[in-house]
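What follows is a set of notes on a single structure, which appears directly below.
Residue numbers (the UniProt record's numbering): 1 to 487.
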């Protein structure tokens with residue numbers, strides 16, 4: 001299978017997908033391809049009136065189809081057909097995603113797209129296997145906890161993994177019997193539009209999946225504050241998450257799931273398999289050029305092995321093959337935008353000016369597009385922006401420790417607690433530190449998610465509220481009702 005393609009010939013589905021069809025819309029937000037920096041399209045901007053239309057369409061689709069009240073197995077089977085069609089249309093989805101995003105096309109079919117189909121199948125099986133409970137009461141009563149869908153769920157997804165993040169939001173919400181109004185990032189909307197079209201082709205009732213395009217201040221605000229939307233699910237920055245919470249508070253009260261920013265530590269002890277640790281750490285910072293909320297961008301290593309580990313990581317950082325996302329051989333991504341690359345470089349420059357040493361990288365690559373060299377910085381202080389700020393790029397800092405207590409102290413970020421990595425051969429230490437690390441996910445002797453969708457993801461502190469994935473995500477899309485019947 002050859003996936004490389006000419007980026008100038010691909011047909012784009014531009015518009016809003018509402019009620020099972022693509023509604024033409026005037027493009028108002030200029031879009032640039034990260035791989036070469038060229039302007040190539042425009043993204044429409046949905047206003048309050050269009051969001052109203054999408055919500056009304058979703059409500060009507062729920063009523064006419066009785067999606068939340070049909071035999072649950074029917075929802076399961078419809079979602080499974082959708083997953084099958086996603087796999088069948090993987091090449092088209094891959095080209096649409098690669099064109100506008102930072103995801104190389106060669107990694108999409110077996111990676112993001114396959115995982116998205118798996119996630120939909122995973123949540124589809126919850127529809128007829130998870131329900132309410134009969135709870136113990138006295139003999140004169142019967143106590144039940146019933147669950148039911150919220151109705152219309154609002155979802156907002158980020159630009160870094162467009163299809164995967166759409167799957168995170170759509171699959172549990174639909175399996176639980178809801179309709180969805182989803183806003184993808186204005187920088188990477190096209191694969192999500194096609195994903196929604198495939199849902200209708202697979203037999204899901206038109207109007208259950210609606211995709212409105214636009215930015216956060218206009219379209220996102222209209223979604224999160226809409227009275228017809230009963231629950232919000234968002235993945236993005238902590239700043240944006242706080243703004244969403246504020247908008248919900250101003251316009252009413254509704255439940256929300258927020259997966260937000262991170263500045264995740266990776267702790268490496270002297271007894272660890274250093275080759276394994278170096279591969280995992282380098283892989284984390286190279287994958288999608290470090291543009292992931294769980295990116296392990298803070299390396300904390302026991303002082304006696306710091307030099308050896310740094311050398312091993314540097315060797316791996318030197319192996320990258322940058323290139324346009326539409327070339328199959330590319331394995332190193334561009335940064336999403338000119339603005340982001342400038343912000344990242346400013347943080348790196350400030351760290352160096354403050355006395356840190358740049359062991360490699362620290363510069364923009366000399367090629368078209370928004371490419372930044374993999375960067376390793378040592379000699380940083382605990383208060384350096386390079387250590388504190390979520391850079392969202394291929395920048396790794398290294399700090400050393402002498403014992404477990406110092407390692408835990410360095411790992412404990414004042415704001416974030418999304419994920420952490422731990423490398424040691426000592427099982428007792430692994431269990432002991434896993435319990436104390438302030439993170440919603442801890443990986444031991446590896447770094448990064450697997451395809452075990454049963455494991456929920458979500459953060460501590462300002463890294464979020466609630467969980468995506470796992471049965472927790474399904475239950476987060478249903479509300480419970482207590483019932484007591486006197487006999």
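The beta carbon of each residue, even a glycine, is placed where N, CA and C say it ideally should be. Here the structure is a predicted model, which means the values were calculated and not measured.
Ends of the alpha helix (DSSP H) at residue 247? For the purposes of this step, residue 247 is identified with residue 247 of the chain shown, where counting begins at 1. Residue 247 -> alpha helix (DSSP H) spans 238-251.
Note down the Cα distance separating residue 205 from residue 134, rounded to an integer number of angstroms. By 1-based counting over the chain shown, the position of residue 205 is 205. By 1-based counting over the chain shown, the position of residue 134 is 134. Rounded to the nearest angstrom, the two C-alpha atoms are 32 Å apart.
Entirely within the region 411-460 and at least 3 residues each: give me those beta strand (DSSP E) ranges in chain order. Secondary structure within the region 411-460: the beta strand (DSSP E) runs of 3 or more consecutive residues, fully enclosed, are 419-423 and 441-444 (chain order).
Check the Cβ-Cβ distances between residue 140 and every residue of chain D, and say whether any is below 7 Å. The question asks about chain D, but that chain is absent: this structure has only one protein chain.
Rounded separation between residue 274 and residue 309 - CA only: Taking the first residue of the chain shown as position 1, residue 274 is located at position 274. Taking the first residue of the chain shown as position 1, residue 309 is located at position 309. Near 6 Å, if we compare the C-alpha coordinates of residue 309 and residue 274.
What three-state label does DSSP hand residue 462 in the structure shown? For the purposes of this step, residue 462 is taken as the residue at position 462 of the chain shown. In the structure shown, residue 462 sits in coil (DSSP, three-state: anything other than H, G, I, E or B).
Within this structure, are the beta carbons of residue 136 and residue 162 separated by less than 7 Å? As a working note, residue 136 is residue 136 in the chain shown. As a working note, residue 162 is residue 162 in the chain shown. The answer is no: Cβ separation not under 7 Å.
Beta-carbon within less than 6 Å of residue 124's beta-carbon, same chain only, minus the 5 sequence neighbours each way: which residues are those? Position 124 of the chain shown, counting from 1, holds the residue named residue 124. 76, 79, 80 and 175.
Would you report the Cα separation of residue 146 and residue 167, rounded to the nearest angstrom? Reading the chain shown from its first residue, position 146 is the one you call residue 146. Reading the chain shown from its first residue, position 167 is the one you call residue 167. Here the C-alpha atom of residue 146 lies approximately 26 Å from the C-alpha atom of residue 167.
Quick check on residue 38: buried or exposed, where buried means 16 or more other Cβ atoms within 10 Å of its Cβ? If you number the chain shown from 1, residue 38 lands on position 38. Residue 38 is classed as exposed because its beta carbon has fewer than 16 other beta carbons within 10 Å across all chains shown.
Helix or strand or just coil, what does DSSP make of residue 149? Numbered from 1 along the chain shown, position 149 holds the residue referred to as residue 149. It is a strand residue.
Residue 370 by DSSP, collapsed to three states: which one? As a first step, residue 370 must be located in the chain shown, where it is residue number 370. Correct three-state label for residue 370: coil.
Just to check my reading of the structure: residue 164 and residue 115 have Cβ atoms closer than 8 Å, yes? What is that Cβ distance to the nearest angstrom? Your numbering for residue 164 matches position 164 in the chain shown. Your numbering for residue 115 matches position 115 in the chain shown. About 6 Å separates the CB atoms of residue 164 and residue 115; that is less than 8 Å, so the two are in contact.
Per-residue burial, residue 302 [other beta carbons within 10 Å of its own, 16 or more giving buried]: As a first step, residue 302 is located in the chain shown; it is residue number 302 there, counting from the start. The residue in question, residue 302, is buried, as its Cβ has 16 or more Cβ neighbours within 10 Å.
Integer-rounded CB distance, given that residue 214 should sit under 8 Å from residue 248: Taking the chain shown and counting its residues from 1, the one referred to as residue 248 is at position 248. Taking the chain shown and counting its residues from 1, the one referred to as residue 214 is at position 214. Actually they do not touch by this definition, with Cβ atoms about 18 Å apart.
With burial defined as no fewer than 16 other Cβ atoms inside 10 Å of the residue's Cβ, what is the status of residue 467: buried or exposed? In the chain shown, counting from the first residue as 1, residue 467 sits at position 467. Taking all protein chains shown into account, residue 467 has 16 or more neighbouring C-beta atoms within 10 Å of its C-beta and is therefore buried.
Kindly indicate the opening and closing residues of the beta strand (DSSP E) around residue 233. Within the chain shown, numbered from 1, the residue matching residue 233 stands at position 233. Boundaries of the beta strand (DSSP E) around residue 233: 231-235.
Are the CB atoms of residue 314 and residue 266 nearer to each other than 7 Å? The residue labelled residue 314 in the question sits at position 314 within the chain shown. The residue labelled residue 266 in the question sits at position 266 within the chain shown. Not a contact, by the Cβ cut-off of 7 Å.
Count the other CB atoms within 10 Å of the CB of residue 485; is the residue buried (16 or more) or exposed (fewer)? For the purposes of this step, residue 485 is identified with residue 485 of the chain shown, where counting begins at 1. Here residue 485 is exposed, its C-beta having fewer than 16 other C-beta atoms within 10 Å.
Which residues does DSSP pair with residue 181 in a beta bridge? Looking up residue 181 in the chain shown gives position 181. In the DSSP assignment, the residues bridged to residue 181 are 154 and 210.
Pull up the CB-CB distance for residue 532 and residue 198, whole angstroms please, since I reckon it's below 8 Å. Any answer about residue 532 is impossible in this case: the structure gives the chain only from 1 up to 487.
If the criterion is Cβ atoms closer than 7 Å, does the pair residue 447 and residue 280 meet it? Reading the chain shown from its first residue, position 447 is the one you call residue 447. Reading the chain shown from its first residue, position 280 is the one you call residue 280. In contact: residue 447 and residue 280 (Cβ atoms closer than 7 Å).
Let me make sure I understand the geometry here. Which of 238, 187 and 156 has the alpha-carbon closest to that of residue 220? Translated into positions along the chain shown, residue 220 becomes position 220. Out of 238, 187 and 156, 156 has the C-alpha closest to the C-alpha of residue 220.
Complete alpha helix (DSSP H) runs within the region 346-390 (minimum length 4 residues, chain order): Segments of the alpha helix (DSSP H) lying fully in the region 346-390: 385-388.
Does the beta-carbon of residue 428 have 16 or more other beta-carbons within 10 angstroms, so that it is buried, or is it exposed? Along the chain shown, read from residue 1 onward, the residue named residue 428 stands at position 428. Counting C-beta atoms within 10 angstroms of its own C-beta, residue 428 has fewer than 16 neighbours from the protein chains shown and is therefore classed as exposed.
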